[in-house]
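Heads up, the thing below is written out as structure tokens.
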Amino acid sequence: MDWYQLWEIISLPDNVPIVLLMIMLPFYTWYGLRQAFANDRLIAQLEADPEMAKTHHRKTQPFKKGWPREVHVWPYLLRIEFLATVIVTAILMVWSITLDAPLEEPANPSLTMNPSKAPWYFLGLQEMLVYFDPWIAGVVMPTLIIVGLIAIPYIDENPLGNGYYTYSQRKCAIWTFIFGFIVLWCVMVVIGTLIRGPGWMWFWPGQTWDHNKLVFEVNRDLHEFVGLTGTWAIAAFGTAVLGAFVAVSAWGTHKLLTLTEFNRKILDRMSLTQYLLLQLLMITMISLPAKMIARLVFRVKYVLVTPWFNI
Amino acid sequence: MAKAPPMDHDDPVQNKSLSVPLFVSTLVLMLTLVWALYDELYAMRPWKATQQQFVELYQSYLQQLRPKQAAIEQEIKSSVEYQELNQKVESAEVDAAAMTVDIEKRINRGVNPRMVAVRSAFQALRGEIGEPTYKLETATSAGKKASLESDIASIKARVVSVEVVSDDGSGNTETLQMDFAQLEAEFERLRNLRAELQAERVSLLGPAQQLRAKRSDYLKERMNGLTAQQVDGLIGKMDDFVVDIRQIHLRDIDWVDRCESCHLGAREPVALTAASMGGHEVFSGHPSRDLLKIHDPEQFGCSSCHNGNGRATSSMVKGHGRHKYWLWPLYHKENVTAGCQQCHSKEVVTPMAETLNEGRELFLNRGCWGCHRFEGFDIESDELTEVRREISILAAETTSNIKESEQSIIMGDEADEDDVAQNLYDRAEELTLRNSRIDAQIATLKQKERNLGVEVKKFGPSLREMRVKLRKEWVPVWLSNPHDFRPGSKMPVFRLLDEEVKSISAYLWQNAIDGDLRSHPLGNAARGKELFETRGCLGCHSIGEGEDRMGGTFAANLTRIGEKTNYNYLVRWIHDPSELTPDPDAPEDEVRLRPIMPNLRLSVAETRDIATYLMLQKTDTEYAEADYMDDPATAAKGLASLRHYGCAGCHEIAGLETEGRIGTELTLEGSKPLDRLDFALFTHNAKRGGWYNHKGFFERKLEDPAFFDEGKVKNHLEKLRMPNFNLSEGQVTALTTFLLGAVDTQFPKHYRYEPEDDRSFVQEGWWIIKRYNCNGCHQIRPGDETSFMAIDRYKDPDWVEQLPPQLYTEGARVQPDWLLEFLSNPALSSKNIHRNGVRGYLQARMPTFYFSDRQVGKVMRFFMARSSQPLPYLPEESQPLSNKERLMSRRLFSGRAAPCLKCHMTGDPLRDRNASAPNFLIASKRLKPEWTYRWMIEPANIAPGTAMPSELFRYEDHRWIFNGPLPAAFQDYEEDHAQLMVRYMFQFTAGELRSLLASGVPGG
């Protein structure tokens, strides 16, 4: 166990946000979910009693008789936000006094640093480059992520859960978020920061980042496993496999989306365009871990190989 | 708004007070603000506290210093001499005051007030004229111009009256009636008058002024430090000290150094030490004021030489650049001269940079350049390649020109029309002409090539001679570990496998030239020992090991020479190192390199004696048979190994004539990115141990070149090839310093020391001096220690005169043409060569070096430039002696008071037995009269410790006269006696010498 190396990585001013993220993200996820479950219980209680459902719509605090149904933004919300601002400012002050910007040495155009890493918020993208063709990982996927984020309000037909935490009314959205953001995006940022060392090689925490480390890994395209030759045969094979994957994951996604009565109700309200867009985004999202597993476990380089692009 | 909802005061959202958390968090925020302010003002500016500390320490030190300096000053001032001076000053001042009082009065009461009055009237008019003049310049119509011109004329003609005092200082007033031109003239007159009066005053005050300067010089010379008044000045400066960044800004390269924000004592007039500043090293003064005089920090900065981060002020670590992200960390104390190399990269000797010089010398004399290219080292072989390339290009052009010209003539002959034929003939002629120009160019280049052919020398001996030179069985023993056989040898230890030793030995043996040596009878070993120790061998070679070692380290230690070589070869080598065994298989144009070892012009008998003595230098070590050296199969494997280890970098080896260097180029090694230095398995070790930097890498690599192979699994041929030189710790530091300094400098040309005047001759010359070890025998700079000076024999007062001459002022002493002749042939004779041309009395012999004409010229220019002698040298014709003068000087020359011929050589072997100075006959060709004059007056100033007597002349009545009983003829001689003797010497003839000797001069 190389504690020195571990300390060097986590104490680097660049990496401090990631270390904080590793603590804060689970905490706030738990904190948010706790509130959501509390609200769910409240909703259940309110809905069981029609009398109360009429008079008590505040769903963020346990209710008491005689409390107002609504409170004003000013001063009740803003004063809390002001308090938060003060605290965050104080934290930022301390942070900026104690940790200087890691400027490193003057740039040398003829010498690439190793490992050379993107800023921490881009490390997820950089990590994706390991698994996909640069064209896919660098252009298609980021575009889809942004387009997908913009499209969410137009896909999401569920009217519930606005302005209060709830789990039971937004299970599908919450799981998608946990999977897509926390598991995929944040974990990839953490891997890029703490795990990837010289040569973008995999170093477990506590392993020495040794420039001399050598690994022997041969990644092969999927068609090489079956021994195909010929551009068209290879492309056709890749398309077939990819098609199968799309079909299976579409079917799985559909199954998940229609798991409960509530979900089926939501689905009914969606148009075909909305549904197809949702499927496209979901399949793309699933393809990332699928490819990660294929790559890390089975050493598959590309599935679909064409003269123009690879997937 | 709808009716308000009923309020329930238990509702926490509405009723819970946030005062406490708000108060606490605001308080925390305020505290962070305070912290930020503190950080901004003090924590990030540690130099503020440092400066305050400096002021306190410095003031208290000055307070202590003041009484001491005052006491010294008082003591000096109370000395008789000072008092005398003081009195003179005072009386001169009184005199001057009396003389200048009238002038002062005239200036102050007459000229000055009159000038003020005239000037104000004059300026008023001039101002008035200015306006119409401007209008005139810009007016467009002729009528307007004419009217303005008349305006100006009327102003100029206006007569004004001015009340003035008279200029004689009497105070009388008068009223002047003057127009513009008259005012101007009067003003000019007054200005001139004042200048005259002031000049007169200065000349009257002159003597007092000079005396005052003399008095203050007297004080300054004896004070050895500051006067009390100066100390007071410094204390006052500290009282007004302002805490602020101290910054040097070099505008032309935008270089900023803030080092003196903490190192406040660096340039203080008091030389501060850490001890005098309470043990704080940060406040000590720069240790070399002389260096700062040449490199004024205002012009050169600090970090430009020392490295470090000159802009950083937030901490010592950052300022010194000892930070993993700063590429130019401060040089450690032991490597501080590394900073010189970046600008002094053309030199091998830089004054005041001893460690760096040692490093360069090691690089040169340990043969590092055999494997590693380094710009400036072995420049000759680079030049030779270039010259040969140019010659071959030009030769190709000639051939093609000849072809084309022949073709043109043939075509011209066949042409149908006259003008076409004429054109073709013209073309042919033009090409022939061009060829003649090219031929001239080729001839120049060939001359250069010939010169370079002499200059190019490999570092090690030629291995093509080994078959006639070496004992066969000795070769593998030597190869497997040269330092076992000869500790400290320049041949480094290669990590060779047994079979490599065998195959290399076999290859070399079988590819060396076989030939017959003339056989010589044995000489006298005892005489050989004496000759070996006195002829000059020890200037470069050493003999004996450990405590018994004597001689220089430049060439091999000969303690066991008898074991490795054979007698006949040794005789041939010592007699003429350039004599080579003829190679029957060699191509006709083969160039064989000359050795560094010079020719001592020994007679064959002397050579035999020395060789006989040397052959006795051996132990009774047994050598195993080495029959495999004759096995062609073993030899076949040797070539690859020789190539692998780069043996041809230092040795001439058959079959490897065109081999290049195998090592990495080191010219810019100091600025190579750290990532490109292979720390191998030590990377983490180095990073955590604080030696992940150039210094750490160089030191470890030099100390043990195989260091970075440790722990690596490699097959034999993959291993690091650099051999082990077994360098001492000091040598490692010196070489590290040199390599650290070998950087790609960030400074423009005008910062670098690349002179184009005489100083470049000094730079060039040092390369030859060091390459041929001139300073093994001669002291070139005051303070040099030659190999001879360390030998016991030469410490004996009787032997001091046997030391080879000092060359401090060689350029001033000798004429350049003579020096050229002497360097090419130190015997100064083509027949009588077994002698020293100048100092025949010396046992040590100035050898003949294998110099090219170019090198001889460089050495000559080196000495001339070092003594600031202009080239070309135009000797002054010495004024012929009158008969009387000749007689007088002859008397003096051979008189008992100055028996010149007692020590100076005469050419008569019997007389010259005890001689210790050169013959006068060569003086006129050899010496410069100016130097000779100075030499006669005070030889000890030029060559401390010389046998030439001092105080031969004394200074009297503005001339030097002989300091002894004067012959009667000198009675009414008014000229300088030393000058007379110089003239006599420069007109000294063989006839004069003969007649002097015949008349029986003393000292015989």
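Protein sequences, first through last, are from chains W and F. With the first letter of the first sequence counted as 1, position 253 gets the number 253 in my numbering; the numbers rise by one all the way through. One rule links them: number in my numbering = place in the second sequence (from 1) + 10000. C-beta: ideal position from N, C-alpha, C; glycine also. As the structure is a computational prediction, the values presented were derived from the model and not from experiment.
Problem - Member of F/Gly10689, F/Gly10945, F/Arg10934 whose CA lies at the smallest distance from the CA of valine 10800 of chain F - result: Along the second sequence, read from residue 1 onward, the residue named residue 10800 of chain F stands at position 800. Minimum Cα distance to valine 10800 of chain F is reached at F/Gly10945.
Problem - For leucine 280 of chain W, the three-state DSSP class (helix, strand or coil) - result: For the purposes of this step, residue 280 of chain W is taken as residue 280 along the first sequence, with counting starting at 1. Here leucine 280 of chain W sits in helix by DSSP.
Practice task
Grab me the residues of glutamate 10703 of chain F's own chain with a C-beta within less than 6 Å of its C-beta, minus the 5 sequence neighbours each way, in chain order.
Solution key: The residue labelled residue 10703 of chain F in the question sits at position 703 within the second sequence. Closer than 6 Å at the Cβ level, and outside the excluded window around glutamate 10703 of chain F, lie Val10732.
Problem - Opening and closing residue of the beta strand (DSSP E) in which leucine 10666 of chain F lies - result: Taking the second sequence and counting its residues from 1, one reaches residue 10666 of chain F at position 666. From DSSP, leucine 10666 of chain F is part of no beta strand (DSSP E); its letter is neither H nor E.
Practice task
Could you list the residues in the region 10683-10694 of chain F with a C-beta less than 7 Å from some C-beta on chain W, going in chain order?
Solution key: Listed by position along the chain: Thr10683, His10684, Arg10688.
Practice task
With DSSP as the reference, label glutamine 10746 of chain F as helix, strand or coil.
Solution key: Here residue 10746 of chain F refers to the residue found at position 746 when the second sequence is read from its first residue. Note: glutamine 10746 of chain F maps to coil in three-state DSSP.
Problem - Collapsed DSSP secondary structure at glutamate 10930 of chain F in the structure displayed - result: Position 930 of the second sequence, counted from the start, is the residue given in the question as residue 10930 of chain F. Of the three classes helix, strand and coil, the one that applies to glutamate 10930 of chain F here is helix, per DSSP.
Exercise for the section: Report yes if the CB atom of serine 10542 of chain F is closer than 8 Å to the CB atom of asparagine 10524 of chain F, and no otherwise. Expected result: Translated into the one-based positions of the second sequence, residue 10542 of chain F becomes position 542. Translated into the one-based positions of the second sequence, residue 10524 of chain F becomes position 524. Not closer than 8 Å, so no.
Practice task
For chain W, find out if any of its Cβ atoms is closer than 8 Å to the Cβ of valine 10256 of chain F; answer yes or no.
Solution key: The sequence position of residue 10256 of chain F within the second sequence is 256, counting from 1. So no, valine 10256 of chain F is outside the interface.
Problem - Contacts that methionine 201 of chain W makes with chain F (C-beta to C-beta distance below 7 Å) - result: Position 201 of the first sequence, counting from 1, holds the residue named residue 201 of chain W. Near methionine 201 of chain W there are no residues of chain F at all, since even the closest Cβ is about 15 Å away, more than 7 Å.
Exercise for the section: Answer yes if the region 10216-10228 of chain F comes into contact with the region 10071-10078 of chain F, meaning at least three C-beta pairs across the two stretches below 8 Å, and no otherwise. Expected result: Yes, the region 10071-10078 of chain F touches the region 10216-10228 of chain F.
Exercise for the section: Compare the beta carbon distance of glycine 10840 of chain F and leucine 10828 of chain F with 8 Å and say whether it is the shorter of the two. Expected result: Position 840 of the second sequence, counted from the start, is the residue given in the question as residue 10840 of chain F. Position 828 of the second sequence, counted from the start, is the residue given in the question as residue 10828 of chain F. Contact: no.
Exercise for the section: Can you tell me which of the three DSSP states phenylalanine 10917 of chain F falls into? Expected result: Locating residue 10917 of chain F in the second sequence gives position 917, where the first residue counts as 1. As written in the sequence, residue 10917 of chain F is alanine, which differs from the phenylalanine given in the question. In this structure, alanine 10917 of chain F counts as strand in the three-state DSSP scheme.
Exercise for the section: Measuring only between beta-carbons, confirm whether serine 10303 of chain F sits less than 8 Å from chain W. Expected result: Within the second sequence, the letter at position 303 stands for residue 10303 of chain F. Taking Cβ atoms only, chain W never reaches closer than 8 Å to serine 10303 of chain F, which makes this a no.
Exercise for the section: Can you grab the Cα-Cα spacing for the pair glutamine 10069 of chain F / alanine 10228 of chain F, in whole Å? Expected result: Locating residue 10069 of chain F in the second sequence gives position 69, counting from the first residue. Locating residue 10228 of chain F in the second sequence gives position 228, counting from the first residue. Going from the Cα of glutamine 10069 of chain F to the Cα of alanine 10228 of chain F covers about 6 Å.
Problem - For aspartate 10257 of chain F: DSSP bridge partner residues - result: Translated into positions along the second sequence, residue 10257 of chain F becomes position 257. According to DSSP, aspartate 10257 of chain F shares a beta bridge with F/Ile10248.
Handout entry: Minimum Cβ-Cβ distance from arginine 264 of chain W to chain F less than 8 Å
Key = Along the first sequence, read from residue 1 onward, the residue named residue 264 of chain W stands at position 264. No - not a single Cβ of chain F is within 8 Å of the one on arginine 264 of chain W.
Problem - Cβ neighbour criterion (16 or more within 10 Å) applied to histidine 10694 of chain F - result: For the purposes of this step, residue 10694 of chain F is identified with residue 694 of the second sequence, where counting begins at 1. Classification for histidine 10694 of chain F: buried.
Practice task
Note down, in chain order, every chain W residue with its Cβ under 7 Å from the Cβ of tryptophan 10035 of chain F.
Solution key: Numbered from 1 along the second sequence, position 35 holds the residue referred to as residue 10035 of chain F. Per Cβ cutoff of 7 Å: Ile97.
Handout entry: C-beta neighbour in chain W for proline 10005 of chain F, strict 8 Å
Key = Translated into the one-based positions of the second sequence, residue 10005 of chain F becomes position 5. Per-residue confidence for proline 10005 of chain F stands at a pLDDT of 48, beneath the threshold of 50, marking its modelled position as unreliable; no derived number is given.
Problem - Through-space distance from alanine 137 of chain W to tryptophan 74 of chain W, alpha-carbon basis - result: The residue labelled residue 74 of chain W in the question sits at position 74 within the first sequence. The residue labelled residue 137 of chain W in the question sits at position 137 within the first sequence. So the two alpha carbons sit approximately 45 Å from each other.
Problem - chain F contacts from the region 4-22 of chain W (Cβ-Cβ distance under 7 Å) - result: Hits within the stretch, in order: Tyr4.
Exercise for the section: Put glutamate 10174 of chain F into one of helix, strand or coil per three-state DSSP. Expected result: Residue numbering aside, residue 10174 of chain F sits at position 174 when the second sequence is read from its first letter. Correct three-state label for glutamate 10174 of chain F: strand.
Exercise for the section: Taking methionine 10968 of chain F as the reference, give the member of F/Pro10929, F/Val10116, F/Met10597, F/Leu10887 with the closest Cα. Expected result: Residue 10968 of chain F sits at position 968 when you count from the first residue of the second sequence. Checking the sequence, you will find alanine at residue 10968 of chain F rather than methionine. It is F/Leu10887 whose Cα lies nearest to the Cα of alanine 10968 of chain F.
Practice task
Report the rounded CA-to-CA distance for alanine 10071 of chain F versus histidine 10295 of chain F, giving the unit in angstroms.
Solution key: As a first step, residue 10071 of chain F must be located in the second sequence, where it is residue number 71. As a first step, residue 10295 of chain F must be located in the second sequence, where it is residue number 295. Alanine 10071 of chain F and histidine 10295 of chain F: Cα-Cα distance of roughly 34 Å.
Practice task
Give the secondary structure of glycine 10544 of chain F by DSSP, where H, G and I count as helix, E and B as strand, and everything else as coil.
Solution key: The residue you call residue 10544 of chain F lines up with position 544 of the second sequence. If DSSP states are grouped into helix, strand and coil, glycine 10544 of chain F belongs with coil.
Exercise for the section: Just confirm the distance between the C-beta atoms of glutamine 10779 of chain F and leucine 10740 of chain F, as a whole number of angstroms; I'd bet it's less than 8 Å. Expected result: Here residue 10779 of chain F corresponds to residue number 779 of the second sequence, with the count starting at 1. Here residue 10740 of chain F corresponds to residue number 740 of the second sequence, with the count starting at 1. That pair is no contact at about 30 Å.
Exercise for the section: Excluding the 5 residues preceding and the 5 following aspartate 10709 of chain F in the sequence, name in chain order all residues of the same chain whose CB lies nearer than 8 Å to its CB. Expected result: For the purposes of this step, residue 10709 of chain F is identified with residue 709 of the second sequence, where counting begins at 1. Residues Ala10680, Lys10719, Leu10720 of the same chain have their beta carbon placed closer than 8 Å to that of aspartate 10709 of chain F, with the five preceding and five following residues left out of the count.
Problem - Length of the line joining the Cα atoms of valine 248 of chain W and leucine 10018 of chain F - result: Taking the first sequence and counting its residues from 1, the one referred to as residue 248 of chain W is at position 248. Taking the second sequence and counting its residues from 1, the one referred to as residue 10018 of chain F is at position 18. Cα to Cα, valine 248 of chain W sits roughly 54 Å from leucine 10018 of chain F.
Problem - Closest Cα partner of asparagine 10172 of chain F within the set F/Arg10106, F/Gln10198, F/Leu10205, F/Val10160 - result: Reading the second sequence from its first residue, position 172 is the one you call residue 10172 of chain F. Taking only the C-alpha atoms, the option nearest asparagine 10172 of chain F is F/Arg10106.
Handout entry: Assigned exposure category for isoleucine 10245 of chain F - 16 Cβ within 10 Å defines buried
Key = Within the second sequence, numbered from 1, the residue matching residue 10245 of chain F stands at position 245. Exposed, because fewer than 16 other Cβ atoms sit within 10 Å of the Cβ of isoleucine 10245 of chain F.
Practice task
Check the Cβ-Cβ distances between phenylalanine 10680 of chain F and every residue of chain W, and say whether any is below 8 Å.
Solution key: For the purposes of this step, residue 10680 of chain F is taken as residue 680 along the second sequence, with counting starting at 1. Checking the sequence, you will find alanine at residue 10680 of chain F rather than phenylalanine. Judged by the 8 Å Cβ criterion, alanine 10680 of chain F is in contact with chain W.
Practice task
Using the Cα positions of tryptophan 10573 of chain F and proline 10918 of chain F, report the straight-line distance between them to the nearest angstrom.
Solution key: Your numbering for residue 10573 of chain F matches position 573 in the second sequence. Your numbering for residue 10918 of chain F matches position 918 in the second sequence. Cα to Cα, tryptophan 10573 of chain F sits roughly 30 Å from proline 10918 of chain F.
Exercise for the section: Leaving aside the five residues before and after tyrosine 165 of chain W along the sequence, list all residues of the same chain whose C-beta is less than 7 Å from its C-beta, in chain order. Expected result: Indexing the first sequence from 1 puts residue 165 of chain W at position 165. Taken in chain order, the residues that qualify are Gly32, Gln35, Ala36, Asn39.
Practice task
Please report how far the alpha carbon of glutamate 10764 of chain F lies from the alpha carbon of valine 10859 of chain F, in whole angstroms.
Solution key: By 1-based counting over the second sequence, the position of residue 10764 of chain F is 764. By 1-based counting over the second sequence, the position of residue 10859 of chain F is 859. Computed Cα separation, rounded: 8 Å.
Practice task
Below 9 Å between beta carbons is the criterion; list the residues of the region 173-200 of chain W that meet it against any residue of chain F, in chain order.
Solution key: none
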